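Down below is the structure, laid out as structure tokens.
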């Protein structure tokens with residue numbers, strides 16, 4: 003794998019504005035020293051008319067724009083970020099890999115195991131790296147937790163409970179609630195971050211998954227076509243157990259989008275992280291609502307820094323495509339469990 | 070100024086307390102505060118306990134039963150049924166520590182005998198009397214969060230090494246039956262009858278570092294889901310509880326660590342510990358509980374927890390332990406008659 007000669011700008015391509023994180027990445031990259039960014043969003047025409055997409059969004063973000071993916075890749079980007087709909091990652095990752103670009107793919111890596119494995123294979127064949135966009139791993143709270151665990155501060159690990167609750171992603175992008183494009187509901191949206199943290203923390207292999215779901219939350223929203231609440235239990239090798247609440251249970255009018263917590267139980271101690279807890283709270287009469295002014299480290303920026311560093315120097319950044327595949331396997335097992343009511347072995 | 074209200078004159082409460090372990094230090098002072106006279110009977114420690122609180126003690130169960138109207142069973146779980154039945158047969162009302170028994174059948178036997186002899190028996194599921202849980206229950210009933218959908222309940226304490234029977238699964242039923250039964254009961258109280266139970270448990274392999282954690286997922290009638298997480302952790306682990314109840318119209322949350330009215334930092338000292346939360350800033354929930362039971366014994370309103378609730382909680386804990394053993398989800402669907410299908 004070859005790196006980029008220092009001195010010239012790193013070319014970063016953004017494929018699709020379907021995912022709301024595309025704008026987040028574009029904004030960060032637009033001001034990134036030594037980075038030239040260009041976006042393409044050719045499927046914008048199929049999006050709902052009230053969604054700001056394509057050339058207009060690129061202009062508002064201050065990034066250059068290509069009319070097609072072919073044109074974008076002909077520009078020879080060193081690195082490509084894929085932020086299409088969850089079910090449409092594969093062709094874009096394959097095209098970016100074939101064009102020789104290091105790839106960062108939005109989570110979940112894919113909505114089927116076949117797609118995820120094929121994406122990794124395409125990157126391997128092209129000699130480029132594949133990274134999965136799990137920014138929570140870069141949270142200083144998690145980094146510290148990992149240090150504590152690795153130093154034996156919690157003793158032997160027994161289990162963990164994780165929560166990743168958010169507002170239901172309706173409104174901003176209509177495809178989020180279309181299972182054909184999103185891959186499902188709360189399970190596919192919110193298991194993966196916790197699963198990734200457990201993977202990074204323990205390296206343990208998941209063996210069994212049991213999930214129960216319901217659609218009581220947001221039952222009044224006709225556009226919602228998948229589960230809105232879910233409780234998932236994962237059994238790992240060595241008897242480690244994890245329960246995850248992945249529900250879209252943050253009320254629509256809450257002052258913040260939601261959050262993520264992870265509590266790890268060891269024989270010598272218990273540690274809990276709440277990476278999005280750092281905030282100034284309060285209340286405002288303007289809008290008559292609570293205030294939640296987060297000031298935590300921007301983990302998206304740290305994720306991009308790791309990705310760009312890998313693209314420049316040619317190394318494999320973490321979280322890689324393999325952990326994307328392993329965590330997707332837990333999601334797929336959870337979906338099968340919720341469907342069948344059975345405890346499902348992880349592939 | 071003297072109150073001109075007239076009191077309904079009731080005979081003084083006469084309590085026969087069986088046992089002298091940890092929980093008696095919450096019950097006995099509460100009974101005294103309610104104006105009761107208390108007599109203690111215990112295989113061990115009766116004299117010390119009685120001396121500490123200035124009450125009398127006796128050497129036999131027969132003597133105890135001859136000296137009280139209400140029996141409060143605070144002994145290790147395997148002995149609950151026997152003492153409860155002896156008390157009921159002697160015509161006493163009964164307060165029984167949770168869990169009522171280790172099996173649904175034993176719990177039902179107590180209920181059947183109570184009905185037969187026309188006496189009342191209540192399980193001490195005290196968490197229903199903790200104000201944060203009571204407030205959450207009433208908020209749900211008032212419709213403040215719409216229909217409950219996804220709930221989480223967590224309870225963390227120190228591994229109970231001070232009394233050997235707690236750590237012995239055959240005597241206590243383990244963490245699920247002894248500790249998590251509190252939140253299994255609360256989850257059912259909040260979100261309704263349970264149809265399915267799935268549970269996992271992880272135990273420390275080191276005898277020097279005893280620790281156990283379990284996670285139980287409940288499916289309720291109508292589809293609501295709850296999970297209950299319990300930890301008996303390393304020595305010195307600070308007791309902590311928390312819950313989150315997400316409904317169709319909102320969320321309720323509480324965490325004993327962040328929602329406390331007093332936090333103290335007074336330098337180096339013994340850390341945390343214990344199996345019970347600090348309740349000193351309000352009325353003791355143990356007192357609230359015993360007052361409600363005593364009122365029911367005197368012919369007042371039924372309390373917020375029934376023997377059937379206690380028996381059902383035992384059934385949920387048994388199902389969770391079965392799920393842990395088999396690795397499969399366990400159905401606990403009841404028929405209309407209230408008998409396990």
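Residue numbers (my numbering), protein chains in the order written: chain A, 3 to 349; chain B, 70 to 410.
Note that CB positions come from ideal geometry on N, CA and C, so glycine has one too.
Since the model is a prediction, treat every value here as computed from it, not as a measurement.
{"Item": "Neighbourhood of residue 95/A by C-beta, 6 Å cutoff - its chain only, sequence neighbours within 5 removed", "Value": "84, 105, 107 and 121"}
{"Item": "contact_flag[the stretch 288 to 297 of chain B, the stretch 207 to 219 of chain B] where n(CB pairs < 8 Å) is 3 or more", "Value": "yes"}
{"Item": "Spatial distance of residue 10/A from residue 36/A (CA atoms)", "Value": "7 Å"}
{"Item": "Proximal chain B residues relative to residue 76/A, where beta-carbon distance stays under 7 Å", "Value": "Those do not exist, as residue 76/A stays about 48 Å from chain B at its closest Cβ, beyond 7 Å."}
{"Item": "Buried versus exposed call for residue 62/A [16 or more other C-beta atoms within 10 Å across all chains shown]", "Value": "exposed"}
{"Item": "Contacts around residue 27/A, its chain only, beta-carbon distance under 6 Å, and the 5 residues preceding and following it disregarded", "Value": "83"}
{"Item": "Selected residue, minimal CA-CA separation from residue 316/B, among 206/B, 156/B, 172/B and 98/B", "Value": "206/B"}
{"Item": "Selection from 116/A, 185/A and 174/A that minimises the alpha carbon distance to residue 227/A", "Value": "185/A"}
{"Item": "Residues of its chain near residue 252/A, where Cβ-Cβ distance is below 7 Å and the 5 sequence neighbours each way are ignored", "Value": "167, 168, 169, 259 and 260"}
{"Item": "Closer than 6 Å: residue 106/A CB and nearest the ligand SAM heavy atom", "Value": "With respect to the ligand SAM, the structure shown offers nothing to examine, as it has no ligands at all."}
{"Item": "Local conformation of residue 143/B per DSSP, three classes", "Value": "coil"}
{"Item": "Beta-ladder partner(s) of residue 1/A, from DSSP", "Value": "Only positions 3 to 349 of chain A appear in the structure, and residue 1/A is not among them; the question remains open."}
{"Item": "Inter-residue spacing [alpha-carbon to alpha-carbon] between residue 105/B and residue 363/B", "Value": "10 Å"}
{"Item": "Start-to-end residues for the beta strand (DSSP E) that takes in residue 264/B", "Value": "263 to 272"}
{"Item": "Backbone secondary structure at residue 170/A - three-state DSSP", "Value": "coil"}
{"Item": "Alpha-carbon to alpha-carbon, residue 147/B and residue 238/B", "Value": "11 Å"}
{"Item": "Residue nearest to residue 215/A in terms of C-alpha spacing, selected from 115/A, 118/A, 339/A and 134/A", "Value": "339/A"}
{"Item": "Nearest to residue 74/A (by Cα), restricted to the options 55/A, 98/A, 58/A and 86/A", "Value": "98/A"}
{"Item": "Residues near residue 408/B in its chain [Cβ-Cβ closer than 6 Å; skip 5 each side]", "Value": "Caution applies to residue 408/B, whose pLDDT of 46 falls short of 50 and renders its modelled position unreliable; the model cannot decide the point."}
{"Item": "Where the beta strand (DSSP E) through residue 13/A begins and ends", "Value": "12 to 17"}
{"Item": "Top-ranked residue by Cα proximity to residue 178/A, from 297/A, 275/A, 89/A and 285/A", "Value": "89/A"}
{"Item": "Between the CA atoms of residue 221/B and residue 209/B - distance to the nearest angstrom", "Value": "15 Å"}
{"Item": "Where residue 237/B sits in the DSSP three-state scheme", "Value": "coil"}
{"Item": "Test item: CB-CB of residue 197/B and residue 374/B under 7 Å", "Value": "yes"}
{"Item": "Residue 166/B versus residue 398/B - alpha carbon distance", "Value": "28 Å"}
{"Item": "Residues of its chain near residue 182/B, where Cβ-Cβ distance is below 6 Å and the 5 sequence neighbours each way are ignored", "Value": "154 and 157"}
{"Item": "is_contact[residue 294/B, chain A] using C-beta, thresh 7 Å", "Value": "yes"}
{"Item": "Opening and closing residue of the beta strand (DSSP E) in which residue 298/B lies", "Value": "294 to 302"}
{"Item": "For residue 222/B, the residue or residues it bridges with in DSSP", "Value": "297/B and 312/B"}
{"Item": "Nearest-angstrom Cα separation, counted from residue 394/B out to residue 456/B", "Value": "Only positions 70 to 410 of chain B appear in this structure, which leaves residue 456/B out of reach."}
{"Item": "Test: residue 243/A CB closer than 7 Å to a CB of chain B", "Value": "yes"}
{"Item": "Proximal residues to residue 139/A (C-beta, below 7 Å), its chain only, five neighbours per side dropped", "Value": "198, 199, 202 and 321"}
{"Item": "Proximity of residue 115/B and residue 109/B at Cβ, strictly below 7 Å", "Value": "yes"}
{"Item": "Listed by chain order, chain B residues near residue 235/A by CB distance under 7 Å", "Value": "267, 269, 284 and 286"}
{"Item": "Cβ shell of residue 82/B (< 8 Å), same chain only, five flanking positions each side left out", "Value": "100, 103, 104, 105, 106, 138, 139 and 363"}
{"Item": "Limits of the unbroken alpha helix (DSSP H) element including residue 326/A", "Value": "323 to 342"}
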